[in-house]
Amino acid sequence: MAELVKLEGVTVAFGGVKAIDNVNLTIEDNVGIVGIIGPNGAGKSTCLSVIAGARKPKTGSVEVLGHKITKADTAKITRLGVARTFQIPRPFTEMTVRENIMVAVTANHRLSNAEADARTDEILERLGIANQAELLTGALPLAVRKKIEVARGIATQPKLLLLDEVFEGLSDTEIQDMVQILRDLDKSGIRLVLVEHVLRALRQLASTLVVFEKGQMIATGPVDEVLNSDRVKDAYLGHRSTP
């Protein structure tokens, strides 16, 4: 598969305000982990929602994993192999960690009870939260709730996982823990696209960066090349290098 994501002329508007404006973006299958960065309100999360099918464009077309999804509902897009996480974790707080993951495991797959249990156990171990499996999620620390969010994402066995601010609010140790989890997911063959503000995490993970400013994509390419761009420094990093 040559292209993971292809947006052509995509515009999304809220009222009279364009959240993203005439965006053309192609993410090839062989570029590794992709990070999407930009100032607050630049259109990053809106772009992620368009790729996930949760936000329909006013104009333009959207292809994901080789399928046109411009008008497809989110259930169909999930079946195609797309999953996403949210900036603010949304676990079912009255359920245990295991139950939260089990709901996602069984949502789109017909599994026997034994198969569902085995799949859930595998995910708990993979995310390092097996010890918290029987705890209610409501009182758990943010780092664990972030892991549950990722766990529910991979429970659908996606080909493409979209992550929205997965590192936000984590300590340095927790960031490194999550970096390793995402590296392992990447090695397993799941393609990752991250909207993220924590650049020190992206520098460790991403091969390619996409930069948004005021609803438009202003740069894309290898991480160091993009971060050394004067336009990106002006728009996102807040300074320009001295000539």
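Heads up: the sequence shown at position 61 corresponds to 61 in the working numbering, and the numbers run straight through without jumps.
For glycine and all other residues, C-beta sits at the position ideal for the given N, C-alpha and C.
The structure presented is a predicted model; accordingly, all values stated were derived computationally and were not measured.
Residue i (DSSP reduced to helix, strand or coil)
{"i": "residue 217", "result": "strand"}
{"i": "residue 70", "result": "coil"}
{"i": "residue 18", "result": "strand"}
{"i": "residue 100", "result": "helix"}
{"i": "residue 7", "result": "strand"}
{"i": "residue 182", "result": "helix"}
Contact set for residue i: own chain, Cβ-Cβ below 6 angstroms, skip 5 residues either direction
{"i": "residue 170", "result": "143"}
{"i": "residue 208", "result": "31, 34"}
{"i": "residue 23", "result": "7, 10, 217"}
{"i": "residue 70", "result": "61, 62"}
{"i": "residue 163", "result": "85, 194"}
Backbone CA spacing between residue i and residue j [nearest angstrom]
{"i": "residue 217", "j": "residue 47", "result": "10 angstroms"}
{"i": "residue 75", "j": "residue 52", "result": "10 angstroms"}
{"i": "residue 135", "j": "residue 79", "result": "30 angstroms"}
{"i": "residue 195", "j": "residue 130", "result": "27 angstroms"}
{"i": "residue 168", "j": "residue 228", "result": "23 angstroms"}
{"i": "residue 9", "j": "residue 210", "result": "16 angstroms"}
{"i": "residue 72", "j": "residue 50", "result": "11 angstroms"}
{"i": "residue 232", "j": "residue 37", "result": "10 angstroms"}
{"i": "residue 223", "j": "residue 205", "result": "10 angstroms"}
{"i": "residue 212", "j": "residue 13", "result": "16 angstroms"}
Option nearest residue i by Cα separation, candidates the options
{"i": "residue 26", "options": "16, 65, 85", "result": "65"}
{"i": "residue 186", "options": "23, 85, 33, 17", "result": "33"}
Contacts around residue i, its chain only, beta-carbon distance under 7 angstroms, and the 5 residues preceding and following it disregarded
{"i": "residue 116", "result": "102, 105, 106"}
{"i": "residue 132", "result": "97, 140, 144"}
{"i": "residue 2", "result": "28, 29"}
{"i": "residue 67", "result": "80"}
{"i": "residue 165", "result": "87, 195, 196, 197"}
Contact check, residue i vs residue j, beta carbons under 9 angstroms
{"i": "residue 156", "j": "residue 148", "result": "no"}
{"i": "residue 91", "j": "residue 183", "result": "no"}
{"i": "residue 20", "j": "residue 215", "result": "yes"}
{"i": "residue 175", "j": "residue 200", "result": "yes"}
{"i": "residue 160", "j": "residue 181", "result": "no"}
{"i": "residue 60", "j": "residue 7", "result": "yes"}
{"i": "residue 235", "j": "residue 89", "result": "no"}
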